[in-house]
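What follows is a short report on a single structure.
Chains as they are written, first to last, in this note's numbering: chain W, 178 to 618; chain U, 14 to 516.
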């Protein structure tokens, strides 16, 4: 290599940059595998099952309609699966991902030949990751599947597990700290549960992505915009979204929580069995479909959904998506689903619901609200579930030992006294026998 | 003869190794309750929570509580066993079991300037048996003070000191999220550091001269059944006197002060004649007594003295009037110092659920940090200066670190591990430790109209409520558990829990 002149240097830098740019957009070579175009395969597929269908069969139907798992997972790839493992409520309460569904998902991904699977999520602070996982049954599911897992206690995860990513299109947030292993994975699968939520009204795929964040609560300052930002193009963007609507948690008046002890039996107004799974690459469309079908509200009403659609994260119009084949609705058992528009329309029931008026203009002078005397009188509140989540009790030997050891103490001391007395006697005798005994010669 | 000598030398060396092994074994055993914390840190899996395996054996705590009459939480059996064992094996506990003693022995080997070169005798000079009575004065002080408060008992009890230091070490490394509280934990490990520092000055200085638990055991171990026997091979070279780290051998090598001897076997190893052995049995039971040597005796007798077995009476300590008065004075000081606790100005803190009323809590808590160790959310943290001087090291609930989870899931762990009953068990309905208040100028919902409402989501009692997009707290429902504060996205939290009497 010759001397570095300014001219040489500039030429080389330009050359390198060009090469890098070409490598970055790697589809300029003839015969390169082009990404599957959206027109060929649907972006979202919803599969509808019955009570008899297993979670796995419903999931498989949805994925088949999308073109099979091989569309997303190539052999040898590292796959990050993010179920909802946040809450410490048992399966069937529509609080966390169904363990059977997670197992099915892992199995399907394994069949696709994934090199490594990591199941990850943040767990609620209360009662902590380990205990939550035990109660919601996901620990067992992961263990039986034999895959890696990374369940981090909220707020207490070691720093080295996280990395900072940039959201180039973010409006409220440009930088966020997320789980490192998720970024390092080749494929990210986001498995959300259709639930109500106290702030965003509904929790579905878009909001569920917050579980990847180091401090999920940090988005709450601009929650709707934050969720939209999180789903723009970035390193954390999930490749496959799955909305679990096997059981749906419905809002009931003011009782809009994202987890609780109710089941479809104890409180059918809150937890409803739907036996549906929506899967796809467009989280906005999935959520919009969820809004229309499970909650009977217009997708536009959800602020974060609208903002995400505005940011270009996906399509908000369910009707149009169905008509142009971008969203397919299939029933379990239908082998090659090609639903016509009329068919699809008959599946979907859009009901106009009375929508509560939006909250007033942003407060400048904040009036003190007067609380109504008694709220939530007519609402079935959850019965307290005491058995479901109990922390491991302390192993405390005190009470056991206290009584048992008193006789032991008495025996030891008694033995000591006896030995001592006998010894004293012997010594006296001994001394009388040899009075001149001396230890020193 | 030489072969027998080497044989005994080997045996002595084996004894030493055996003692090290036993000590390490007990140390690990007492550290075992900390293992789940480390296990959880690395595997993120459920692990059982253990209460301390060490504190329940503490007879000093038992005595303190007898005076405070907290019968319902007292553990009598284990400390009594320890005392009974001391009657048989003297201060064997201090030499073989006590974890603090083990740490001191480990540290002692670092003191290179005390190392003995091979073939040379011990380097230690100026062996005095001064200061030995200090520990009895300390004991008198603590016991007298226990009538009112267990505070100084907790500060000076060696087992509590060890347990506290271990907790602070383990939690600092494996469990704390907030670096700010590291200092809190380390601060009162200073006593431990001071004890270790003393070890470099004189071996086992703490155990010999200061340890109040050692003093308590000494009262019993004076009549130890297990004995040190010096054979007639003794040449009175004094090597064992200098080797004894406890200075339990007075000028006369045949004598042993069993209120000090920990049966550490150092003297047996140091004896050039190999005339020292430890055993039960007739000969071992003899305590030799020096006799006046008459003018007509042989030369050797006159040089080395004349010994006869003692009368076989139980040795009774000679307490001089001065020592007795000193002890009484120490007791009075201990009693008099306690009310200083009350004088210390303190702001009220959020105490653990079920804690005694503040004054009584300060008097009862021994600062052992057991509750801090087991708290499942990590919300309990030791206080630094917030509670005044008397409050240093007492636990408080810092909801920002994690709320109290007694409501849905915690089975009242802090009350269950408290060795002195400063925290009493309560049911989850009785929880009322504070009151949450919203800072309207910080709250996103109030100040910016953002529908944040994380606190509403976190609240399990329907106390934090959303009303027209703002957060309000219903004081009737609020238990002060602090789940809202721990989740608030605002830096420093816009919703904070205040103690109930905070105005």
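Just so it is clear, CB atoms sit at the ideal spot from N, CA and C, and this is done for glycine as well.
None of these values were measured; they are calculated from a predicted model.
**Asked** Looking at the structure shown, is residue 2(U) part of a helix, part of a strand, or coil, going by DSSP?
**Response** The requested residue 2(U) is not part of the displayed model; chain U covers only 14 to 516.
**Request:** Can you give me the Cβ contacts of residue 40(U) inside the same chain, cut-off strictly under 8 angstroms, excluding the 5 residues immediately before and after it?
**Result:** Excluding residues within five positions, the ones whose Cβ falls inside 8 angstroms are 112, 115, 116.
**Item:** Cα-Cα separation between residue 545(W) and residue 349(W), rounded to whole angstroms
**Value:** Here the model assigns residue 545(W) a pLDDT of 44, short of 50, so the residue's position is not dependable, and the following value carries that caveat. Cα-Cα distance, rounded: 29 angstroms.
**Asked** Identify the residues that DSSP records as bridge partners of residue 447(U): which are they?
**Response** When DSSP reads this structure, residue 447(U) sits in a beta bridge with 512(U).
**Chain-ordered residues of the segment 31 to 53 of chain U with a beta carbon less than 8 angstroms from chain W** = Listed in sequence order: 53.
**Message:** Quick check on residue 596(W) - is its C-beta less than 8 angstroms from some C-beta in chain U?
**Reply:** Chain U, which has a Cβ nearer than 8 angstroms to the Cβ of residue 596(W), makes this yes.
**Item:** Beta carbon proximity, residue 489(U) to chain W, threshold 8 angstroms
**Value:** False, the Cβ-Cβ gap to chain W never drops below 8 angstroms.
**Request:** Taking 8 angstroms as the cut-off, decide whether the C-beta atoms of residue 439(W) and residue 227(W) are in contact.
**Result:** No, these two residues do not count as a Cβ contact at 8 angstroms.
**Helix, strand or coil at residue 154(U) [DSSP, three-state]** = Under the three-state reduction of DSSP output, residue 154(U) falls in the helix class.
**Message:** Determine whether the beta carbon atoms of residue 95(U) and residue 176(U) lie at a separation below 8 angstroms.
**Reply:** Annotated as distal: residue 95(U) and residue 176(U), with beta-carbon spacing of 8 angstroms or more.
**Prompt:** Where does residue 342(W) sit, in a helix, a strand or coil, going by DSSP?
**Reply:** Looking at residue 342(W) - three-state DSSP - the assignment turns out to be strand.
**Prompt:** Of the residues 488(U), 387(U), 411(U), which one's Cα is nearest the Cα of residue 53(U)?
**Reply:** Nearest of 488(U), 387(U), 411(U) to residue 53(U), Cα basis: 387(U).
**Request:** With a 10 Å radius around its C-beta and 16 neighbouring C-beta atoms as the bar for buried, classify residue 459(U) as buried or exposed.
**Result:** Residue 459(U) should be labelled buried.
**Prompt:** Taking 8 angstroms as the CB-CB cut-off, is residue 305(W) touching chain U?
**Reply:** Output row for residue 305(W): interface = yes.
**Prompt:** Does the segment 354 to 362 of chain W come close enough to the segment 309 to 323 of chain W to have 3 or more Cβ pairs within less than 8 angstroms?
**Reply:** With a cut-off of 8 angstroms, the segment 309 to 323 of chain W and the segment 354 to 362 of chain W do not count as touching, because too few Cβ pairs lie within range.
**Beta-carbon separation (whole angstroms), residue 368(W) vs residue 421(W), contact threshold 8 angstroms** = Contact between residue 368(W) and residue 421(W) holds, with the beta-carbon distance rounding to 6 angstroms and staying under 8 angstroms.
**Request:** Measure the beta-carbon distance from residue 224(W) to residue 242(W) and round it to whole angstroms, keeping in mind my assumption that it falls under 8 angstroms.
**Result:** Separation of the CB atoms of residue 224(W) and residue 242(W) is rounded to 7 angstroms, and the pair is thereby assigned contact status at 8 angstroms.
**Prompt:** Are the C-beta atoms of residue 464(U) and some chain W residue less than 8 angstroms apart?
**Reply:** Under the Cβ distance rule, residue 464(U) counts among the residues neighbouring chain W, one pair being separated by less than 8 angstroms.
**Message:** I'd like to know if residue 534(W) contacts chain U, where contact means its C-beta is closer than 8 angstroms to some C-beta of that chain.
**Reply:** For residue 534(W), the predicted structure reports a pLDDT of 38, less than 50, and the residue's modelled location is therefore unreliable. The matter cannot be settled from this model.
**Request:** Examine the Cβ distances between the segment 481 to 489 of chain U and the segment 427 to 443 of chain U and report whether three or more of them are shorter than 8 angstroms.
**Result:** With a cut-off of 8 angstroms, the segment 427 to 443 of chain U and the segment 481 to 489 of chain U do not count as touching, because too few Cβ pairs lie within range.
**Message:** Closest to residue 289(U) by C-alpha separation, out of 269(U), 493(U), 273(U), would be which residue?
**Reply:** Looking at the Cα atoms, 269(U) is the closest of the given residues.
**Message:** For residue 422(U), would you say it is in contact with chain W, using Cβ-to-Cβ distances shorter than 8 angstroms as the test?
**Reply:** At least one chain W Cβ lies under 8 angstroms of residue 422(U).
**Request:** Take residue 235(W) and list the residues in its own chain whose beta-carbon comes closer than 6 angstroms to its own, dropping the five residues that flank it on each side.
**Result:** In chain order, 224, 226, 454, 509 place their CB closer than 6 angstroms to the CB of residue 235(W), counting only its own chain and leaving out the 5 sequence neighbours on each side.
**Prompt:** At least one CB of chain W closer than 8 angstroms to the CB of residue 91(U): is that the case?
**Reply:** Closer than 8 angstroms: yes.
**Prompt:** Is residue 180(U) close to chain W, meaning its C-beta is less than 8 angstroms from at least one C-beta of that chain?
**Reply:** Taking 8 angstroms as the CB threshold, residue 180(U) stays off the interface with chain W.
**Message:** Closer than 8 angstroms is the cut-off here; do at least three beta carbon pairs connect the segment 275 to 294 of chain W with the segment 399 to 409 of chain U?
**Reply:** The segment 275 to 294 of chain W vs the segment 399 to 409 of chain U: no contact.
**Message:** Cβ closer than 9 angstroms: which chain U residues qualify as neighbours of residue 395(W)?
**Reply:** Under the 9 angstroms cutoff, chain U gives 502.
**Request:** Could you have a look at residue 101(U) and say whether DSSP puts it in helix, strand or coil?
**Result:** Reduced to three states, the DSSP call for residue 101(U) is helix.
**Request:** Could you tell me how far apart the beta carbons of residue 279(W) and residue 310(W) are, in whole angstroms, since I believe they sit closer than 8 angstroms?
**Result:** Actually they do not touch by this definition, with Cβ atoms about 11 angstroms apart.
**Request:** Spell out whether any CB of chain W is found under 8 angstroms from the CB atom of residue 252(U).
**Result:** Closer than 8 angstroms: no.
**Asked** Are at least three pairs of beta-carbons, each pair with one atom in the segment 433 to 451 of chain W and one in the segment 479 to 499 of chain W, less than 8 angstroms apart?
**Response** With a cut-off of 8 angstroms, the segment 479 to 499 of chain W and the segment 433 to 451 of chain W do not count as touching, because too few Cβ pairs lie within range.
**Item:** Top-ranked residue by Cα proximity to residue 589(W), from 217(U), 142(U), 90(U)
**Value:** If we check each option's Cα against that of residue 589(W), 90(U) comes out closest.
**Prompt:** Mind listing which residues of the segment 396 to 423 of chain W have their C-beta closer than 9 angstroms to chain U's C-betas, in chain order?
**Reply:** Cβ contacts with chain U come from 396, 397, 398, 399, 400, 401.
**Asked** How big is the Cα-Cα spacing for residue 449(U) and residue 421(U)?
**Response** C-alpha of residue 449(U) to C-alpha of residue 421(U): approximately 18 angstroms in a straight line.
**Asked** In its own chain, which residues sit with a C-beta less than 7 angstroms from the C-beta of residue 6(U), not counting the 5 before and 5 after it?
**Response** Given a span of 14 to 516 for chain U in the structure shown, any question on residue 6(U) remains unanswerable.
**Request:** Mind checking the segment 435 to 461 of chain U against chain W and listing, in chain order, the residues whose C-beta falls within less than 8 angstroms of any C-beta there?
**Result:** Per Cβ criterion, the list reads 453, 457, 459, 460, 461.
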